[in-house]
Structures are given as C-alpha cells and as structure tokens.
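If you're matching positions, the sequence shown starts at -2 in our numbering and goes up one per residue. Think of the CB as a built atom: it goes at the ideal place given N, C-alpha and C, for glycine as much as any other residue.
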Amino acid sequence: MNNQKRLPRAAITGLGVYLPSKILTNNEIATFVDTSDAWIMQRTGIRERRIAGPEETSLTMGLEASKKALVSANLTGDQIDLVICATATPEYIFPSTACLVQDAVGATGAGAMDLSAACAGFIYALSVARAYIVSKMARNVLVIGTETMSRVVDWTDRSTCILFGDGAGAVVVQAAFDDAPALGEIESVVLKSDGSKGCHLLIPGGGSKMPASEESARDRQHYIKMNGPEVFKGAVRGMADAFHQALKMGDLQLGDVDLMVAHQANARIIEGVRSRLDLPTSKVYQNLERYGNTSSASIPIALYDAVRENALKEGMRVGVAGFGGGFAWGAAIIRWGNVPIIA
Ligand code: UT7
C-alpha cells in the first residue's frame, strides 16, 4: 500500500466583487472625445463602464470585494495566511495595497504582497496562491484583483479612454486535503511573458526611470500608452496558446471544458480566442458590455456574473485566460465548486 500522503489541492471556496455605482456610457464619452457609441460597440463590444467616485480607490474596492469573498468562503480575516493583491493601479507605490487589505480584514497572521502583471494579474496571483497551498506554505489565501483604471487613463486619448473601467474582485483559495476530487480545484495553471513587447502597453511616468515632474505631467506621461493592434494580436495568440497549454498540463481535452472566461478586454479579442480554440460560442462567457476592461479585476467579476446568471454552476469546468502589459499572460483550469454569491 502506498502510504505517501497526497499533496493538498488548491480550491476556490469564496468569491466577492465590488463595482462603483457611477456608470459612464459610450454616448457620454462621445461628448468629450471624437468617437461614437456605434464605433465603440462595433470595435470593442463595450457599451458602458463603472467609474470610481472621489472616495473610491483600489483599496476601498478591493477591501469590499475581499470582505464578501471571506463571507462567501465562511472564513474570518484571522484565518487567512496570505493576501495577494494583483493591481496595476495600487493605492501607493508602497506600502502594498495587500498590506492595507490585510490590516482592514484583520488578517493578523498573514503575509501580504502586491503582484504586478497588469491585466494578467489575477491569473498570476491565482497561480501563486495555488503554489503556496500545494507546497503547504499556506492553507487559506485571499486573492484580489482591484483597479482604478479611470485614474490612469488619458481622457483626451480616444483610442484608450473608451476601453477601461473600475472595479474589484476577490477569491478565497483554500487547501483541500482529502483524496476526493476537490470542488473548486484549480487543476492547472500556465504563466507566460514576453518583455520585449513591454513598450506596446505601459505607463511611462511615475517609476524610477521617469519620476513625476512638471514636465512629465505636462507631457501626459502618467497615463496609459498603448499600441492597440499589437496588444490585440498578442492577446488573441497568447490567451489561446496558454489555454491549450493549461489543458495539456491538466491532462484535459477541449471538450472537458464547459465554459471559457477570458480577460474582458474586447469582444473581438475574445472571439479571436474562441475561434482559434474552436470552442462553441455557447461556451464563452462575456460581460464586458457592462464594465469594459477592468484589468486584473475582469476575470473574478466575470466569474461572479457567470455564477449569478447561472452560466457557471457547481461541477462545471471553467477555463480562465488573461493577457496584459509586460506582455504577461496565462490561463488556468478550474473545476467550479459551490461558491456562494454575496450580494
Ligand atoms: O488588457 C489589454 C488592454 N488593451 C486591449 O485590450 C486593447 C487591444 N486593442 C484593441 O482593443 C483595439 O486595437 C482598439 C479597440 C484599441 C482599436 O481598434 P482597432 O480596430 O485596432 O483600430 P485601430 O487602432 O487600427 O484604429 C482604426 C481607426 C484609426 O483611424 P485611422 O487612422 O484609420 O483614420 C483610429 O484613429 O480608428 C480610429 N479610432 C477611433 N475612432 C473612433 C481609434 N479609437 C477610436 C474611437 N472612436 N474611440
């Protein structure tokens, strides 16, 4: 008899989101830049996005999502061992937004760190949570994706300001110790990157290369600069390839997947990934029409809506894929569990 104990598996057991109440429609954007609802809908599939109010920040939104994720998982903050916050729009350069959440949820025994992988941040953070759990370095991990993109978007640049929105999502990832298949298990994860393409999607100012100055502010260097077509191509190719590799790592076929939730960047990008994978349209979930691209928050927000709308149910296998600045991208396959939705 083999007495060797199986390693713990990592399972998503809690999920929460926060979205600001203020809605900004395409028609409203068309009042201050040269664009139209028809152009934005046709090229992106986005109709409206949420915008943080003056009191809302990456911390406040991430915290609200975290509190709901903890209730959903039936855990209290003091049971968390590690807080990972994926964000491209942190509260400060330091301290980390994760430390601020750690304090606010009372995770007094936890480590905390921010993770920088732009729009791929949630997949990256999920992979770190899984690795900590499988290696027995943590039992309960809080993973957050939170973004205040409206504060780094150049509202005079029509090619980028139409794309992004604000919001936050959080999941609790827990160790599952028994031999039975763990519902909610993150079955496989793949991470990829190509730093040679970093120039195509970045915020040039505010780091060590270009600290804030009158000149950098005047030249609008603290806002997102993007080469849309390059990012588009990279996203389609990257997410489809990572999805394939995640399936392979999990010893799974495409037919084993019930739903794909890709980073909600652009409906045409998602369609490109779907067609490259040859997945039926019925297996693709999309909610970007309502929220635009919320960067690292888009996947947990989409998972939440998919559960709420009954598109994602216990026992289904969901493939998630993300892509963003870096370039950094990745995919994960999750056997969805009984994750209560907290309104
Ligand atoms: O999480 C990753 C973050 N980034 C992304 O996901 C973005 C990926 N890229 C995209 O989604 C697309 O490239 C965009 C939606 C940004 C642009 O769509 P496109 O089909 O690639 O258009 P394009 O950049 O090739 O521009 C076509 C035309 C240009 O006019 P000219 O040069 O052909 O006269 C643009 O100036 O569309 C013009 N344009 C617009 N027109 C009306 C660009 N933005 C707008 C706009 N309204 N908002």
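Other residues of its chain near residue i: CB distance less than 7 Å, five sequence neighbours each side excluded
i, result
"residue 187", "239, 242, 243, 246, 327, 328"
"residue 217", "151"
"residue 336", "9, 10, 11, 12, 69, 181, 304"
"residue 313", "255, 256, 333"
"residue 148", "86"
Beta-carbon proximity list for residue i, same chain, < 8 Å, skipping 5 on both sides
i, result
"residue 0", "Note that residue 0 scores 41 on pLDDT, short of 50, meaning its location in the model is unreliable; the coordinates nonetheless yield the value given after this. Same-chain partners within the cutoff: there are none."
"residue 275", "251"
"residue -2", "A caution first: residue -2 carries a pLDDT of 40, below 50, which makes its placement in the model unreliable, though a value can still be read off. Within the same chain, residue -2 has no close Cβ partners at all."
"residue 73", "67, 103"
6 Å Cβ shell around residue i - same chain, five flanking residues per side excluded
i, result
"residue 281", "257, 271"
"residue 185", "243, 246, 247, 330"
"residue 61", "15"
"residue 76", "137"
"residue 6", "173, 179, 182"
Range covered by the beta strand (DSSP E) that runs through residue i
i, result
"residue 143", "137 to 145"
"residue 320", "314 to 321"
"residue 112", "108 to 112"
"residue 163", "163 to 173"
"residue 325", "325 to 332"
"residue 82", "79 to 83"
"residue 183", "183 to 190"
Exposure label - residue i; buried when at least 16 CB within 10 Å
i, result
"residue 359", "There is no way to answer for residue 359, as the model of the chain reaches only from -2 to 340."
"residue 153", "exposed"
"residue 208", "exposed"
"residue 85", "buried"
"residue 91", "exposed"
"residue 278", "exposed"
"residue 191", "exposed"
"residue 320", "buried"
"residue 174", "exposed"
"residue 338", "exposed"
"residue 79", "buried"
"residue 23", "buried"
Residue i at chain D interface by Cβ criterion, 9 Å
i, result
"residue 243", "You won't find chain D in this structure, because it holds only one protein chain."
Boundaries (first-last residue) of the alpha helix (DSSP H) holding residue i
i, result
"residue 67", "55 to 70"
"residue 125", "118 to 131"
"residue 101", "94 to 101"
"residue 196", "Counting along the chain, residue 196 falls outside any alpha helix (DSSP H), and DSSP gives it neither H nor E."
"residue 297", "295 to 305"
"residue 157", "155 to 158"
"residue 286", "285 to 288"
| said: List, from N- to C-terminal side, the alpha helix (DSSP H) runs of 4 residues or more that fit wholly inside the stretch 6 to 63. | reply: 23 to 26, 34 to 41
| task | Report the residue ranges of all alpha helix (DSSP H) runs contained in full by the stretch 211 to 281; include only those spanning at least 4 residues, in chain order. | result | 211 to 215, 225 to 246, 264 to 274
| said: Does the stretch 198 to 215 come into contact with the stretch 158 to 168, if we say contact requires no fewer than three beta-carbon pairs (one atom in each stretch) closer than 8 Å? | reply: no
| request: Please determine if the stretch 191 to 204 and the stretch 222 to 237 are in contact, where contact requires at least 3 C-beta pairs separated by less than 8 Å. | output: yes
| query | Are there three or more Cβ pairs, one per stretch, closer than 8 Å when the stretch 125 to 139 is compared with the stretch 26 to 44? | reply | no
| query | Quick one: any contact between the stretch 290 to 307 and the stretch 10 to 25, if contact means 3 or more CB pairs under 8 Å? | reply | yes
| Do the stretch 52 to 60 and the stretch 107 to 117 make contact, defined as three or more Cβ pairs closer than 8 Å? | no
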